[in-house]
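Worksheet for the structure shown next.
Residue numbers (our numbering): 62 to 495.
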């Protein structure tokens, strides 16, 4: 007699495979079900059986050594045809099983009772079954109920197990996704860092000549009369400013802290003469210039000399400190980024000197953000002029600090001599010039 097939066999097999349980290792939960069934029904054999396409496979077994049998020999193949328990009191007297190899040979089945494992969608995956080698009468209603409860408990374990596998798979997928995301972010960071390094390198290379060009144009413009040449200089400076703003914009777009120049006002380069405050006496004012860039020193010296003032230019903070020890300068212009001794350290050492130069206005000359400018003022600088230095801005700062110094000097008090208290020692200035 051919083995019967459920009408929804394809759906049933597909559902069975979603549990991913066929041919897996023994698990305690299912072994306990089989042992409990054997104990309740006092039988030699108890199984948790799953009916696959060609065989029945035992997830748990008590009383037999084999893991599976052909589906055509399986009692459970009949049990999954119904939602109610399937009972065979004596297989040797049942035409469907009397010639079954499992009846004629080991394990010599005579009694069989199996309750189907019913999934949520109604398909029957297998059974919890008990077998005996001797015939038995029909089960009582209580025994039927107990067998159904064991089947329901087994199905609950199957569903829970599948949910756990799904959760683990989701975790694994999420970890894989997170790992891939991490790799993608690392690649993105690497690309951004490469871009930022390129922008920083390009910006540095462009800023140096731009700064020098803008300062030179502005300085030249102050010496030109109002004619066609002066208008060309005006246009050249405007173009240079636009280009410099584009370079700064690249840094801002890349979120690079490159200490970029942030102008707070539009400076003029017209023919109006730059007028130093009337509070400054028309006397020789001495200015110490400290900057490691030769072009910057040249521009600063030209601006100072244009005011009729005296200047001494050195190339690092250590030489500036030595010059300040030898002479009481009226004003000090201090670049921040210098070798040997930086501008901040040089300013702090000068402030600690036991001479009048310790009270001299010290103007920081550098590129810095507004927040950094505030910090510089708190550290002891008197004012700040951003790079590139334009004559208008520097002269305005010089006017402000020198006027403030003059106003703070009591009437009749002796003012600082231009060459300080002793004989001037120009060795630092001479070293910088060579």
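We put the beta carbon where it would ideally sit given N, CA and C, even for glycine.
{"query": "Cutting at 7 Å between CB atoms, please list the residues of its own chain near residue 207, excluding the five before and the five after it.", "result": "101"}
{"query": "Span of the alpha helix (DSSP H) holding residue 94?", "result": "89–102"}
{"query": "Hey, residue 424 and residue 456 are a contact pair by Cβ (cut 8 Å); roughly how many whole angstroms apart?", "result": "That pair is no contact at about 11 Å."}
{"query": "Measuring alpha carbon to alpha carbon, tell me which of 103, 126 and 213 ends up nearest residue 200.", "result": "103"}
{"query": "With three or more C-beta pairs closer than 8 Å as the rule, is the region 131–138 touching the region 215–225?", "result": "no"}
{"query": "Just how far apart, CA to CA, sit residue 464 and residue 346?", "result": "12 Å"}
{"query": "Would you say the beta carbon of residue 349 comes nearer than 6 Å to a heavy atom of the ligand SAM?", "result": "The model on display carries no ligand, and the ligand SAM is accordingly not part of it."}
{"query": "Looking at the structure shown, is residue 145 part of a helix, part of a strand, or coil, going by DSSP?", "result": "coil"}
{"query": "What is the C-beta distance between residue 186 and residue 178, in whole angstroms, given that I count them as a contact (C-beta under 8 Å)?", "result": "5 Å"}
{"query": "Using three-state DSSP, classify residue 117 as helix, strand or coil.", "result": "strand"}
{"query": "State buried or exposed for residue 434, treating a residue as buried only when at least 16 other CB atoms are found within 10 Å of its CB.", "result": "buried"}
{"query": "Between which two residues does the beta strand (DSSP E) containing residue 72 stretch?", "result": "It is not in any beta strand (DSSP E) - residue 72 instead sits in the alpha helix (DSSP H) that spans 70–79."}
{"query": "Less than 6 Å between C-beta atoms, sequence neighbours within five positions excluded: which residues of the same chain meet that for residue 212?", "result": "176, 178 and 189"}
{"query": "Using C-beta distances below 7 Å, list every residue in its chain close to residue 407, excluding the 5 sequence neighbours before and after it, in chain order.", "result": "351, 378, 381, 382 and 395"}
{"query": "Compute the beta-carbon to beta-carbon distance between residue 194 and residue 105, rounded to the nearest angstrom, for a pair I have assumed lies under 8 Å.", "result": "6 Å"}
{"query": "Could you tell me the distance, in whole angstroms, from the CA atom of residue 69 to the CA atom of residue 138?", "result": "14 Å"}
{"query": "Assign residue 369 to one of two classes, buried (16 or more other C-beta atoms within 10 Å of its C-beta) or exposed (fewer than that).", "result": "exposed"}
{"query": "Under three-state DSSP, which class holds residue 178?", "result": "strand"}
{"query": "Could you name the residues of the same chain whose beta carbon sits closer than 7 Å to that of residue 255, not counting the 5 residues immediately before and after it, in chain order?", "result": "none"}
{"query": "Buried or exposed for residue 161, please, with buried defined as at least 16 other CB atoms from any protein chain shown within 10 angstroms of its CB.", "result": "buried"}
{"query": "How should residue 227 be labelled, buried or exposed, when 16 other C-beta atoms within 10 angstroms of its C-beta is the threshold for buried?", "result": "exposed"}
{"query": "Put residue 66 into one of helix, strand or coil per three-state DSSP.", "result": "coil"}
{"query": "For residue 363 and residue 258, I'd like the C-alpha separation in whole angstroms.", "result": "35 Å"}
{"query": "Report, in whole angstroms, the separation of the C-beta atoms of residue 121 and residue 87, which I expect to be a contact under 8 Å.", "result": "7 Å"}
{"query": "On the DSSP letters alone, give me the boundaries of the beta strand (DSSP E) that residue 371 sits inside.", "result": "371–375"}
{"query": "Return the chain-ordered list of same chain residues with a C-beta closer than 8 Å to the C-beta of residue 413, the five sequence neighbours on each side being excluded.", "result": "419"}
{"query": "According to DSSP, is residue 23 helix, strand or coil?", "result": "Any property of residue 23 remains undetermined from this structure, which presents the chain solely from 62 to 495."}
{"query": "Select from 184, 173 and 164 the residue whose C-alpha is nearest the C-alpha of residue 6.", "result": "With the chain represented from 62 up to 495, any question about residue 6 goes unanswered, as that position is not in the structure."}
{"query": "Going straight from the alpha carbon of residue 384 to that of residue 246, what length do you get?", "result": "53 Å"}
{"query": "How about residue 401 and residue 372: do their beta carbons lie closer than 7 Å?", "result": "no"}
{"query": "Tell me the DSSP bridge mates of residue 216?", "result": "None, per the DSSP bridge assignment."}
{"query": "Consult DSSP for residue 203 and reduce its assignment to one of helix, strand or coil.", "result": "helix"}
{"query": "According to the Cβ coordinates, are residue 110 and residue 99 closer than 7 Å?", "result": "no"}
{"query": "Around the Cβ of residue 79, are there at least 16 other Cβ atoms within 10 angstroms (buried) or fewer (exposed)?", "result": "exposed"}
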